[in-house]
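Peer 1: I have a structure I would like to understand better, so I am pasting it below and will then ask my questions one at a time.
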Amino acid sequence: MAKEKVVLAYSGGLDTSVIVKWLQEKYDYEIVAMTANVGQGDSELEGLEAKAIKTGASQIFIEDLREELVRDYIFPMVQSGAVYEGKYLLGTAIARPLIGKKLVEIAEKVGATAVAHGATGKGNDQVRFEFAVKALNPYLKIIAPWREWDLKGRSDCMDYACSHGIPIPVTAEKPYSIDRNLWHISFEGGILEDPDREPEKDMYRLTVDPFDAPDQAEEVTISFEKGIPFAVNGKSQSPVKLVEELNIIAGRHGIGRIDMVENRFLGMKSRGIYETPGGTLISFAHRELEHYTLDRDLYHYKEGIALKYAEMIYYGLWFTPLREALDAFIQKTQEKVTGTIGMKLYKGNIAVSGRESAHTLYHHGMVTFEDDQLFEQKDAQGFINLYGLPMTIRGMVEIKARQKKEAGKN
Ligand code: ARG
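The C-terminal position of the sequence shown is numbered 533 in the working numbering, with every residue numbered one higher than the one before it.
Below, the structure written as structure tokens:
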């Protein structure tokens, strides 16, 4: 009888290599590897096929998800304005549902009965992968070796690899866990677990140290159509190219570094460091354009939606009716978010240097101090009288009460 198949989210690193062997030993599965190309870089993808087969996978699917990731996940997130706990631009979180979705697709294609991943039992990523799988095919069994086996950490993994003839990655061991895609790179764990300690200067990969950035500011413009960025410095780009180019431009000015302590979904606080250079620029420009084009009440209401949307992405609640409904709202809000924002980049900072939109609600005649043709200043008095009525009434009542009290004292 043919063996049952499991599709493993495979990165080619030590952990997932060990998982291939462990799945065979423990469950006697046929292992199908699935690697998502989300822009982690060619060096991580090189030689993967040979490596997977050598480690014991029967076949590997390397899926180029970059375009889909940016178009269907990252850009809608930008439109929403989602930022987790005021700092994190959600680079890892936003990619997980898509990887989960591909796991399900490949599982259905090859007739697998299970999927597996290398996320640990302490983190957010296990939740995000598994929520996606449950939403899209709840009949698949989910295997999370880190929650099952006795291996405790990296050195146990090394021992297991040695005793099972698994080639150990030749890349120098990094003292932290790294997750990289087109949007960002994250570092956590290891020496970063002390929140009171700065990371080594050479840890960063996408950004220069702001102190070492050029002494000359650089100008850049980003153009949006209905909240979707489509051009840099007036030149139209595909979504993937646009993010890549902005990563380079912002990176050379040290823009987009975040060092934070965040609340994980499972309840504990963890310290993470992120580099999101292009994403920081795009988010900045998008927000600026919304300031310029959105109706006041809509903008304020949308700020609350952004908090909720960020939490949902962080928690892995992507394939849910609420996220879809919020998306419908967000898309409606973006109808007029078309235009161009100019920025100056200087040593880790972004300053807005220009705004242009045919849909701006900025009305010079209305706001100017200079002439009074459109706006009747006298009207403001009635506005203040009525809007301030509750304050006026309360003030009157309190004064009366005070007078009564004082009269009683005498
Ligand atoms: N703390 C971030 C998040 O939960 C980053 C997680 C990084 N994941 C990793 N496997 N290194 O989204």
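We put the CB at the ideal spot given by N, CA and C, even for glycine.
This structure is a prediction, so every number in the text was calculated from the model and none was measured.
Is the segment 143 to 152 in contact with the segment 263 to 272, if contact means three or more CB pairs nearer than 8 Å?
Peer 2: Taking 8 Å as the limit for Cβ pairs, the verdict is that the segment 263 to 272 does touch the segment 143 to 152.
Peer 1: With H, G and I counted as helix, E and B as strand and the rest as coil, what does DSSP make of ILE381?
Peer 2: ILE381 falls in the strand class under three-state DSSP.
Peer 1: Taking contact to mean 3 or more Cβ pairs, one atom from each stretch, closer than 8 Å, check whether the segment 436 to 456 and the segment 212 to 231 are in contact.
Peer 2: With a cut-off of 8 Å, the segment 212 to 231 and the segment 436 to 456 count as touching, because enough Cβ pairs lie within range.
Peer 1: The beta strand (DSSP E) that contains PHE347, what's its start and end?
Peer 2: Looking at the DSSP string, the run of the beta strand (DSSP E) that includes PHE347 is 341 to 348.
Peer 1: Give a yes or no on whether the C-beta atoms belonging to SER309 and GLY395 are separated by under 8 Å.
Peer 2: Yes.
Peer 1: Less than 8 Å between the CB atoms is what I'm expecting for PHE254 and ALA132, so what's the real figure, rounded?
Peer 2: So it is not a contact: roughly 14 Å between Cβ atoms.
Peer 1: Which residues mark the beginning and the end of the beta strand (DSSP E) in which PRO352 is found?
Peer 2: Where PRO352 is concerned, the enclosing beta strand (DSSP E) stretches over 351 to 355.
Peer 1: Does DSSP put GLU311 in a helix, a strand or coil?
Peer 2: Strand at GLU311.
Peer 1: What runs of the alpha helix (DSSP H), each 4 residues or longer, lie entirely inside the segment 179 to 242?
Peer 2: Qualifying alpha helix (DSSP H) stretches, in chain order: 198 to 203 and 214 to 233.
Peer 1: With DSSP run on the structure shown, which of helix, strand or coil describes LEU263?
Peer 2: Looking at LEU263 - three-state DSSP - the assignment turns out to be coil, as it is neither helix nor strand.
Peer 1: If distances are taken between C-alpha atoms only, which option among GLY162, GLY350, GLY379 and ARG478 comes closest to TYR211?
Peer 2: Cα-wise, what sits closest to TYR211 is GLY379.
Peer 1: Figure out for me which residue from GLN457, TYR432 and GLY135 has the closest Cα to the Cα of GLU447.
Peer 2: GLU447 has its Cα closest to that of TYR432, out of GLN457, TYR432 and GLY135.
Peer 1: Check whether the Cβ atoms of PHE198 and PRO444 sit closer than 8 Å, and answer yes or no.
Peer 2: For PHE198 and PRO444, no; Cβs fall outside 8 Å.
Peer 1: Please state if the CB of MET466 and the CB of VAL343 are separated by a distance shorter than 8 Å.
Peer 2: For VAL343 and MET466, yes; Cβs fall inside 8 Å.
Peer 1: Do you know offhand how far MET326's Cα is from TYR207's?
Peer 2: About 23 Å.
Peer 1: How many angstroms separate the CA atom of SER300 from the CA atom of MET435?
Peer 2: Computed Cα separation, rounded: 23 Å.
Peer 1: Classify GLU521 as helix, strand or coil using the three-state DSSP reduction.
Peer 2: If DSSP states are grouped into helix, strand and coil, GLU521 belongs with the helices.
Peer 1: Looking only at DSSP bridge pairs, what is GLU535 linked to?
Peer 2: Since the first residue of the chain shown is 124 and the last is 533, residue 535 is not available in this structure.
Peer 1: Just the C-alpha distance for VAL130 and LEU417, rounded to the nearest angstrom, thanks.
Peer 2: The alpha-carbon atoms of VAL130 and LEU417 are separated by roughly 45 Å.
Peer 1: Counting pairs of Cβ atoms below 8 Å between the segment 455 to 464 and the segment 407 to 424, do you hit three or more?
Peer 2: A contact exists between the segment 455 to 464 and the segment 407 to 424.
Peer 1: Among GLN147, ASN356 and GLN202, which residue has its Cα nearest to the Cα of TYR422?
Peer 2: Closest by alpha carbon: GLN202.
Peer 1: Answer yes or no: the CB of GLU499 versus the heavy atoms of the ligand ARG, is any distance below 7 Å?
Peer 2: No.
Peer 1: Please state whether the Cβ-Cβ distance between VAL161 and LEU188 is less than 8 Å.
Peer 2: Contact: yes.
Peer 1: Please report how far the alpha carbon of PRO400 lies from the alpha carbon of ILE507, in whole angstroms.
Peer 2: So the alpha carbons of these two residues sit roughly 44 Å apart.
Peer 1: From the DSSP secondary-structure annotation, give me the bridge partner or partners of ASP302.
Peer 2: Paired residues: SER309.
Peer 1: If you drop the 5 nearest sequence neighbours on each side, which residues of the same chain put their C-beta closer than 6 Å to that of LEU404?
Peer 2: Excluding positions up to five away in sequence, the list reads LEU369 and ALA373.
Peer 1: Suppose contacts are defined by Cβ-Cβ distances below 8 Å. Is LYS349 in contact with VAL460 by that definition?
Peer 2: The answer is yes: Cβ separation under 8 Å.
Peer 1: Could you please give me the residues that DSSP links to ILE396 through a beta bridge?
Peer 2: DSSP lists PHE310 and ASP382 as partners of ILE396.
Peer 1: Could you say which of VAL331, VAL238, ASN356 and PRO318 lies nearest to VAL384 if we only look at CA atoms?
Peer 2: With distances taken between Cα atoms, VAL384 lies closest to PRO318.
Peer 1: Please indicate yes or no: does the CB of GLU316 lie closer than 7 Å to some heavy atom of the ligand ARG?
Peer 2: For the ligand ARG, not one heavy atom lies less than 7 Å from the Cβ of GLU316.
Peer 1: Considering Cα atoms alone, identify which of LYS527, GLY164, LYS523 and LEU468 is closest to TRP306.
Peer 2: The shortest C-alpha separation from TRP306 is found at GLY164.
Peer 1: Check whether the Cβ atoms of ASP302 and THR215 sit closer than 8 Å, and answer yes or no.
Peer 2: Their beta carbons are under 8 Å apart, which means ASP302 touches THR215 by this criterion.
Peer 1: Leaving out five residues on either side along the sequence, give the residues of the same chain with a beta carbon under 6 Å from the beta carbon of SER359.
Peer 2: Cβ within range, chain order: PHE353.
Peer 1: Taking all protein chains shown into account, decide if ASP138 is buried (16 or more other Cβ within 10 angstroms of its Cβ) or exposed.
Peer 2: It counts as buried.
Peer 1: Of the residues SER134, VAL143, MET200 and GLY179, which one's Cα is nearest the Cα of GLU169?
Peer 2: Among SER134, VAL143, MET200 and GLY179, the Cα nearest to that of GLU169 is on SER134.
Peer 1: For ALA132, does the three-state DSSP call read helix, strand or coil?
Peer 2: Looking at ALA132 - three-state DSSP - the assignment turns out to be strand.
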